Amino acid sequence: MSEHIVQRKVYFAIFGALMVFTALTVLAAFQDLDRFFPGANTVLALTIAVIKATLVVLFFMHVRYSSRLIWVIVVAGIFWLGIMFVFTISDYLTRPSGLSP
Amino acid sequence: MAVSHVEGHSAQTALAHHFDNMEQQREAGSIGMWVFLVQEIMFFGALFLAYSIFRAKFPEAFAAASNHLDIKLGAINTVVLIVSSLTMALAVYYAQVGNRRMQVIFLTITLLLGLTFLGIKAIEYREKYVDNLIPGSLIAGHPFNPNLEELRLPANASVHNVEMFYWIYFAMTGLHALHMIIGVGILAYLIFQARKGRYTPEYHSPVEISGLYWHFVDIVWIFLFPLLYLLGRHIGGGH
Chain A
234 MSEHIVQRKV YFAIFGALMV FTALTVLAAF QDLDRFFPGA NTVLALTIAV
284 IKATLVVLFF MHVRYSSRLI WVIVVAGIFW LGIMFVFTIS DYLTRPSGLS
334 P
Chain B
321 MAVSHVEGHS AQTALAHHFD NMEQQREAGS IGMWVFLVQE IMFFGALFLA
371 YSIFRAKFPE AFAAASNHLD IKLGAINTVV LIVSSLTMAL AVYYAQVGNR
421 RMQVIFLTIT LLLGLTFLGI KAIEYREKYV DNLIPGSLIA GHPFNPNLEE
471 LRLPANASVH NVEMFYWIYF AMTGLHALHM IIGVGILAYL IFQARKGRYT
521 PEYHSPVEIS GLYWHFVDIV WIFLFPLLYL LGRHIGGGH
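Line by line, the protein sequences give chains A and B. In short: position in the first sequence from 1, add 233, done, that's our numbering. In short: position in the second sequence from 1, add 320, done, that's our numbering.
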């Protein structure tokens, strides 16, 4: 397997998408989305951030064109990050004081 | 090792003796950088976790504190970093196709964008210093002492939790800025080597894996910007 050279137009397209999502996240932040459900603003902001990060990882960082071994390393990193969040927050939520002050 | 004869002179000299071929060497370099980046994910992840818990506990204080950050400078810096990721990706492309001149140009633009980011960050830090928003008593004569009228803190929120937001803000953006400073240093080294023609289509792993690092630092900012600057904008205030 030789090195895959990503064409420049792919980089420009990803760059355009990142710019659109950046504008979107700023515009959305000033709308009161919490009237739909509590925390809707945060959910949307994080969803946009995850999409942007995924585009960077897949294309700018070439993971889309990389070997299975690199895929495993990336997914393992995200999986362990998930463990840290889920275990810690579930611990907080199952205590009498929970996540309230 | 018979293969390296047909791969030509440049490939032969760039191949370290403990690898079978250039492909294996290139792959090993990328894997090494990715393992380091996984460690970085956990390292920044712990800070994001601390942020999440304290923000959930003290939402009003965090929103009020966040609204005091300069959203324009934050957004400009987001754009600066995304453009720098594009120029870094193009620098890698020109290393892959062996265009030395364009490679040096794009590495230099990336470095300048990195310095622009740090300059804007310094302006923001200075504003926080002037407004006495540096947490604790780190700087003599400038203890944490926000203007409470400007903060528009709700009655049920404590100014101590505003201070907590600023601890997290400075810890996260400070460590991010430290990564940027290291990145700028790496870019300076790459430019120096690239000018000498060190990187060829056969051997350019240093450019490739430095690119991985640079893009990772960009990703951290992609999460920091909405979480630190945008979280309370919809509930009024801000400037």
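Think of the CB as a built atom: it goes at the ideal place given N, C-alpha and C, for glycine as much as any other residue. Note that the structure is a prediction, hence the values are computed from the model and not measured.
- Approximately 7 Å separates the beta-carbon atoms of residue 407 of chain B and residue 433 of chain B; this is inside 8 Å, confirming the contact.
- If you check the CB distance, residue 535 of chain B and residue 405 of chain B come in under 8 Å.
- Chain order gives the chain A residues near residue 347 of chain B as 300, where near means a beta carbon separation below 7 Å.
- Residue 412 of chain B and residue 531 of chain B do touch by the CB rule: their CB atoms are close to 5 Å apart, below 8 Å.
- Segment contact: the stretch 378-389 of chain B against the stretch 542-558 of chain B, three or more CB-CB distances shorter than 8 Å; contact assigned.
- Residue 246 of chain A and residue 506 of chain B have their C-alpha atoms roughly 27 Å apart.
- Chain B has no Cβ within less than 8 Å of the Cβ of residue 323 of chain A.
- In terms of Cβ geometry, residue 500 of chain B and residue 426 of chain B do not form a close pair [threshold 8 Å].
- Contact of residue 441 of chain B with chain A is not assigned, every C-beta pair being separated by 8 Å or more.
- Using beta-carbon distances, residue 280 of chain A does not count as an interface residue toward chain B, since no partner is under 8 Å.
- Taking CB atoms only, residue 395 of chain B has a neighbour in chain A less than 8 Å away.
- Contact between the stretch 461-481 of chain B and the stretch 519-527 of chain B is absent: fewer than three C-beta pairs spanning the two stretches fall below 8 Å.
- For a cut-off of 8 Å, the C-beta gap from residue 529 of chain B to residue 350 of chain B is around 6 Å, short enough to register as a contact.
- The Cβ of residue 316 of chain A sits no closer than 8 Å to any Cβ of chain B.
- Taking 8 Å as the threshold, the shortest C-beta distance from residue 413 of chain B to chain A falls below it.
- Counting only residues of its own chain and dropping the five nearest sequence neighbours on each side, residue 487 of chain B has a CB closer than 7 Å to the CB of 455.
- DSSP places residue 520 of chain B in no alpha helix (DSSP H); its state is neither H nor E.
- Secondary structure of residue 344 of chain B (DSSP, three-state): helix.
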